[in-house]
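So the structure is just underneath, and the comments pick up after that.
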Amino acid sequence: MSHELMPEGLWTGDYYNEGTGQSDIFDTLKEECGVFGVFGHPDAASLSYYGLHALQHRGEESAGICVADGENFNYHRGMGLVKEVFDKDKLESLKGGMSIGHVRYSTSGDSRLTNAQPLVFKYREGNLAIATNGNIVNEPKLRRELEMEGSIFQTTSDTEVIAHLIARSPKDFVEAAKDALKRLVGGFAFLLMTNDKLLVASDPNGLRPLTMGRLGDAYIFTSETCALEVIGAEAIRDVAPGELLILDRNGLREERYTEAGRKALCAMEYIYFSRPDSDLNGSNLHSARKRMGSKMALESFVDADVVTGVPDSSISAAIGYAEQTGIPYELGLIKNKYTGRTFIQPSQELREQGVKMKLSAVRRVVEGKRVVMIDDSIVRGTTSRRIVNLLREAGATEVHVRITSPPFKNPCFYGIDTPDRRELIASEKSVEEICREINADSLSFLSPDGLISAIGGYDEHSHKGGLCMACFDNDYPTQIDFNGEEKMGCSC
Ligand code: SF4
Numbered sequence: 070m071s072h073e074l075m076p077e078g079l080w081t082g083d084y085y086n087e088g089t090g091q092s093d094i095f096d097t098l099k100e101e102c103g104v105f106g107v108f109g110h111p112d113a114a115s116l117s118y119y120g121l122h123a124l125q126h127r128g129e130e131s132a133g134i135c136v137a138d139g140e141n142f143n144y145h146r147g148m149g150l151v152k153e154v155f156d157k158d159k160l161e162s163l164k165g166g167m168s169i170g171h172v173r174y175s176t177s178g179d180s181r182l183t184n185a186q187p188l189v190f191k192y193r194e195g196n197l198a199i200a201t202n203g204n205i206v207n208e209p210k211l212r213r214e215l216e217m218e219g220s221i222f223q224t225t226s227d228t229e230v231i232a233h234l235i236a237r238s239p240k241d242f243v244e245a246a247k248d249a250l251k252r253l254v255g256g257f258a259f260l261l262m263t264n265d266k267l268l269v270a271s272d273p274n275g276l277r278p279l280t281m282g283r284l285g286d287a288y289i290f291t292s293e294t295c296a297l298e299v300i301g302a303e304a305i306r307d308v309a310p311g312e313l314l315i316l317d318r319n320g321l322r323e324e325r326y327t328e329a330g331r332k333a334l335c336a337m338e339y340i341y342f343s344r345p346d347s348d349l350n351g352s353n354l355h356s357a358r359k360r361m362g363s364k365m366a367l368e369s370f371v372d373a374d375v376v377t378g379v380p381d382s383s384i385s386a387a388i389g390y391a392e393q394t395g396i397p398y399e400l401g402l403i404k405n406k407y408t409g410r411t412f413i414q415p416s417q418e419l420r421e422q423g424v425k426m427k428l429s430a431v432r433r434v435v436e437g438k439r440v441v442m443i444d445d446s447i448v449r450g451t452t453s454r455r456i457v458n459l460l461r462e463a464g465a466t467e468v469h470v471r472i473t474s475p476p477f478k479n480p481c482f483y484g485i486d487t488p489d490r491r492e493l494i495a496s497e498k499s500v501e502e503i504c505r506e507i508n509a510d511s512l513s514f515l516s517p518d519g520l521i522s523a524i525g526g527y528d529e530h531s532h533k534g535g536l537c538m539a540c541f542d543n544d545y546p547t548q549i550d551f552n553g554e555e556k557m558g559c560s561c
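The numbering used here applies: residue 70 is where the sequence shown begins, and numbers increase by one.
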């Protein structure tokens, strides 16, 4: 984490936030990005605003909307939350019936406006705007090849690489985009827009979620279905791995740019990232998380007085654990939703205490009680230790930690910003050692089979239920050479 101080003393590095695990004092996994596209609605910009607002948890660093009116692009991007970047006047200036929008998480030090999406280019066929969610694993190699051929890059974003690949092709836009997409290795959901076309593409393994909906005659594309609900749109189907959807004056064409690989939707979307009111492949996230908690109870029951979940993502699983065991579910931990951004540089002491700004243990609920604490994952272990200690300080006599995912041992190459493998506590330590490190009385992780069966419904006949589980089992669905050149994390 970078902790820069501006001359006037304003904190520009990581901040306490109101969000869902973004860059802050917690060592939780960082969200990736969210994309939202509209085709064929006269008020595309307003729909995008509300859609991006619903996807805000996927990225709080920057937001942007680009609208096409048939002849020109109108766009606005800025640093900050959707509600900070856009106001009524800005939205009213974005006229047109087709749009792509983006919310971005970025690693610290890389949160520059130049990287805010959608990125907009001019090339020989006209305007081109691109928004993406995910990570191109072979981006360094492609970038180097393009630079050797004379390309000059303005940003560090993956998105610019695909723009250069398209611009250098002698083929028309759709064929050039297909050729460009074929060269990418990684996990990605792309929205590409010209003055008169919208292209929608998912990577060959379907690693990142991307759903199509309808609102009247308009088509909507979104990283999560919760953004469809908010604008009153109906979910139609997920964009398939390797699929390319082409929307223009002739309507929708469903094509492929490549063969589908093995289905491998990110398991962490189910466990942690997506909102509980979203559906993935027809399965509601709250219900899936409840089943994870229930499985957890069957696999590693412990006698206790109360079950509590670390808010917000683990509450559903805690309810499932409680229902399965009969141990009452209680709100033993409360999240302070109004910490917001504070531009005060936290001292080390404050950073250590910082967990209390975001979470409080409810003394009257946990005092004198044996507590089962449900959480979704352990990354470095520091957050878990702080929360266990919060519960102990509030009087819990025992704290038993149950994690609704297998141990997180391997970095992600497909759009989730994870620390280096050596910083992942589960890659270095046994379950017993982690238990001691986080000061818990007992610790269990959900088994991989338990996770797959709890998620269920996705694709029971596919390898691993059609899920990517690489951060747990090191079985990456794409080729990874581990020669140091592949790019990890998120680079939307
Ligand atoms: S490695 Fe883990 S976090 Fe990354 S896509 Fe696969 S399941 Fe998701």
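For glycine and all other residues, C-beta sits at the position ideal for the given N, C-alpha and C.
If you draw a straight line from the C-alpha of residue i to the C-alpha of residue j, how long is it?
i	j	result
T225	N184	7 Å
D542	V468	27 Å
I447	E161	44 Å
R455	K406	18 Å
R193	N264	13 Å
V308	L428	37 Å
A465	V435	5 Å
L45	V269	This structure cannot settle anything about residue 45, because the visible part of the chain is limited to 70 through 561.
K352	P380	Position check: residue 352 holds Ser in this sequence, whereas Lys was assumed. Between S352 and P380, the C-alpha separation is close to 21 Å.
G395	T291	38 Å
G437	D374	9 Å
A302	L284	5 Å
F222	A539	31 Å
S220	D544	34 Å
S238	L250	12 Å
T294	S511	36 Å
A463	I472	21 Å
D550	A113	42 Å
G195	S496	49 Å
F190	G311	25 Å
P488	E324	37 Å
Taking C-beta to C-beta, are residue i and residue j nearer than 8 Å?
i	j	result
A246	L260	no
V107	Q125	no
M167	L267	yes
N11	R490	As displayed, the chain neither begins before 70 nor continues past 561, which places residue 11 out of reach and without an answer.
S453	V441	no
M281	I300	no
G330	R277	no
L182	R146	yes
L536	A336	yes
A287	G109	yes
I524	Y339	yes
R173	E130	yes
I485	L211	no
A132	V154	yes
L67	L349	This structure leaves residue 67 out entirely; the chain is present only between 70 and 561.
So, at 7 Å on beta carbons, what are the nonlocal neighbours of residue i in its own chain, with the 5 sequence-adjacent residues on each side left out?
i	result
S516	E368 and P475
G450	I494, I503, E506 and I507
T547	V206, V254, G255 and N274
I388	K359, G362 and Y398
F477	S446, I447, V448, L493, A495, C540 and F541
Within 10 angstroms of its Cβ, does residue i collect 16 or more other Cβ (buried), or is it exposed?
i	result
K332	buried
E229	buried
E218	exposed
H532	exposed
D372	exposed
G128	buried
S271	buried
R433	exposed
P111	exposed
S115	buried
G320	exposed
S499	exposed
Might you give, ordered along the chain, the residues of its own chain that have their beta carbon closer than 6 Å to the beta carbon of residue i, omitting 5 neighbours on each side?
i	result
G170	F105, S117, L121 and I134
Y390	G362, M365, A366, V376 and I443
S382	Y341 and D445
D138	K164 and G165
L215	H233
G78	At G78 the pLDDT is 30, less than 50, meaning the model places this residue with poor confidence; the figure from the coordinates comes in the next sentence. If we look at G78 and ignore the five residues flanking it on each side, it has no Cβ neighbours.
L459	A430
V136	A113, A114, N143, L163, G165 and S168
C481	T487 and C540
Please work out which residues of its chain come closer than 8 Å, Cβ to Cβ, to residue i, disregarding the five sequence neighbours upstream and downstream, and give them in chain order.
i	result
H355	P345, D346 and S385
Uninterrupted alpha helix (DSSP H) stretches inside the segment 298-373 (no shorter than 4 residues)
354-368
Would you mind listing the alpha helix (DSSP H) stretches within the segment 109-159 that are 4+ residues and don't spill past its ends, in chain order?
113-123 and 151-154
Length at least 4, wholly inside the segment 436-504: the alpha helix (DSSP H) runs in chain order
451-462 and 494-497
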